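What follows is a set of notes on a single structure, which appears directly below.
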Amino acid sequence: MPPSTAWRPYPQASDAERIARAQDFYDHIATRRTCRAFSDAPVPREIIEAAIRAAGTAPSGANHQPWHFAVVASPEKKRAIREGAEAEEREFYAGKAGKEWLEALAPLGTDENKGYIEVAPWLIAIFGQRRGGLKPGDDRQNYYVTESVGIATGLLLATLHAAGIATLTHTPNPMRFLNDVCDRPANEKPIMLVVAGHPASDATIPLHALEKKPLDQISSWI
Ligand code: IYR
């Protein structure tokens with residue numbers, strides 16, 4: 001017999017309640033916007049801890065939970081991350097990205113200046129672990145690492161949004177400098193840098209970001 005525990009049923013609810021909850025959650029999550037101008041107003045550590053705990057509940061390959069969240073608040077580390085990110089973005093925007101990619105980004109108005117990395121109170125560098133398993137000291141193969149970390153990051157962003165915290169997912173490429181700055185081993189792959197804080201008073205949202213594909217464009221019902 002495989003190891004197992006009894007299935008815990010979901011709490012009782014009517015379909016009407018379930019529909020209302022689904023719609024309420026959609027209404028809430030649909031207001032999440034990526035923020036590219038942060039203030040230095042503080043955000044309590046407890047919120048970041050809760051968001052990481054929520055991320056840690058994500059489904060993952062063989063339940064190995066192949067993620068590590070390096071939380072950065074120190075000004076020196078933030079500066080090092082900004083410098084590493086801007087060095088890569090300078091090359092990216094100077095041509096490495098290629099014409100098609102730069103054209104796709106034009107409506108967002110992004111460039112190589114990432115000053116907000118130093119301004120926002122928290123940075124969360126998210127790493128995927130190719131090996132590790134479940135218990136400390138395990139050295140087992142992990143599975144579906146990118147998918148698992150992607151889902152966990154989604155839960156992290158949703159929790160921060162629920163708490164009223166603005167976020168930015170940042171993916172300078174390559175991001176190996178994050179291993180050095182965050183003291184993470186070479187077999188961990190940096191997947192995402194999440195910037196978290198309050199929006200600057202002059203923060204804006206590009207109209208492009210408000211365009212979401214309608215249900216019939218993103219789904220088929222067979
Ligand atoms: N990492 C760069 C470029 C960038 C790429 C994509 I795809 C975006 O959706 C946004 C930005 C930057 O942060 O500027």
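Residue numbers (UniProt numbering): 1 to 222.
Yeah, the Cβ is synthetic: ideal placement off N, Cα and C, and Gly gets one too.
All values derive from a computational prediction rather than experimental measurement.
Given L156 as reference, the closest of P59, R79, A200 and A87 once Cα atoms are compared: For the purposes of this step, residue 156 is taken as the residue at position 156 of the sequence shown. Taking only the C-alpha atoms, the option nearest L156 is P59.
Near ligand 1: E89 beta-carbon under 7 Å from a heavy atom: One-based indexing of the sequence shown puts residue 89 at position 89. Correct: E89 has its Cβ closer than 7 Å to ligand 1.
Near ligand 1: H170 beta-carbon under 7 Å from a heavy atom: The count along the sequence shown starts at 1 and reaches residue 170 at position 170. Yes, ligand 1 has a heavy atom inside 7 Å of this Cβ.
Proximity winner among H28, V181 and G132, relative to A73 (alpha-carbon distances): For the purposes of this step, residue 73 is taken as the residue at position 73 of the sequence shown. Of the listed residues, the one whose Cα sits closest to A73 is V181.
Residue ranges of each alpha helix (DSSP H) within the region 104 to 158, 4 or longer: For the alpha helix (DSSP H) assignment, the uninterrupted runs of no fewer than 4 residues enclosed by the region 104 to 158 are, from N- to C-terminal side, 116 to 119.
For V194, the residue or residues it bridges with in DSSP: Stepping through the sequence shown from its first residue, residue 194 is reached at position 194. DSSP, once it has assigned bridges, lists I124 and T169 as partnering V194.
Rounded Cβ spacing between R82 and I117 (contact assumed at less than 8 Å): Position 82 of the sequence shown holds residue 82. Position 117 of the sequence shown holds residue 117. Confirmed, about 4 Å.
Neighbourhood of M175 by C-beta, 6 Å cutoff - its chain only, sequence neighbours within 5 removed: On the sequence shown, position 175 is the one that residue 175 refers to. If we look at M175 and ignore the five residues flanking it on each side, its Cβ neighbours are P190.
C-alpha gap between L108 and H208, whole angstroms: Here residue 108 refers to the residue found at position 108 of the sequence shown. Here residue 208 refers to the residue found at position 208 of the sequence shown. Rounded to whole angstroms, L108 to H208 spans 7 Å at the Cα level.
Under the three-state DSSP convention, the category K189 falls into: The residue given as residue 189 occupies position 189 in the sequence shown. Note: K189 maps to strand in three-state DSSP.
Helix, strand or coil at P66 [DSSP, three-state]: Taking the sequence shown and counting its residues from 1, the one referred to as residue 66 is at position 66. Coil.
L108 Cβ short of 7 Å to ligand 1 heavy atom set: If you number the sequence shown from 1, residue 108 lands on position 108. Yes, the Cβ of L108 comes within 7 Å of a heavy atom of ligand 1.
Rounded C-alpha distance that separates E17 from R8: For the purposes of this step, residue 17 is identified with residue 17 of the sequence shown, where counting begins at 1. For the purposes of this step, residue 8 is identified with residue 8 of the sequence shown, where counting begins at 1. Put simply, the backbone Cα of E17 is about 20 Å away from that of R8.
P199 - DSSP class collapsed to helix/strand/coil: Numbered from 1 along the sequence shown, position 199 holds the residue referred to as residue 199. P199: strand per DSSP, three-state reduction.
Cα-Cα separation, L123 to M192: If you number the sequence shown from 1, residue 123 lands on position 123. If you number the sequence shown from 1, residue 192 lands on position 192. Straight through space, the alpha carbons of M192 and L123 are spaced by roughly 10 Å.
Terminal residues of the alpha helix (DSSP H) in which Y26 lies: Position 26 of the sequence shown holds residue 26. In this chain, the alpha helix (DSSP H) harbouring Y26 covers D15 to I29.
Backbone CA spacing between I19 and C35 [nearest angstrom]: Looking up residue 19 in the sequence shown gives position 19. Looking up residue 35 in the sequence shown gives position 35. Cα to Cα, I19 sits roughly 30 Å from C35.
Same chain, Cβ closer than 6 Å to N173, five either side skipped, listed in chain order: Along the sequence shown, one-based indexing puts residue 173 at 173. Nothing meets the Cβ criterion.
Helix, strand or coil at V181 [DSSP, three-state]: For the purposes of this step, residue 181 is taken as residue 181 along the sequence shown, with counting starting at 1. Residue state, collapsed to three classes: helix.
Cutoff 6 Å; reference L134; Cβ partners in own chain excluding five residues on either side: Here residue 134 refers to the residue found at position 134 when the sequence shown is read from its first residue. Result list for L134: H64, in chain order.
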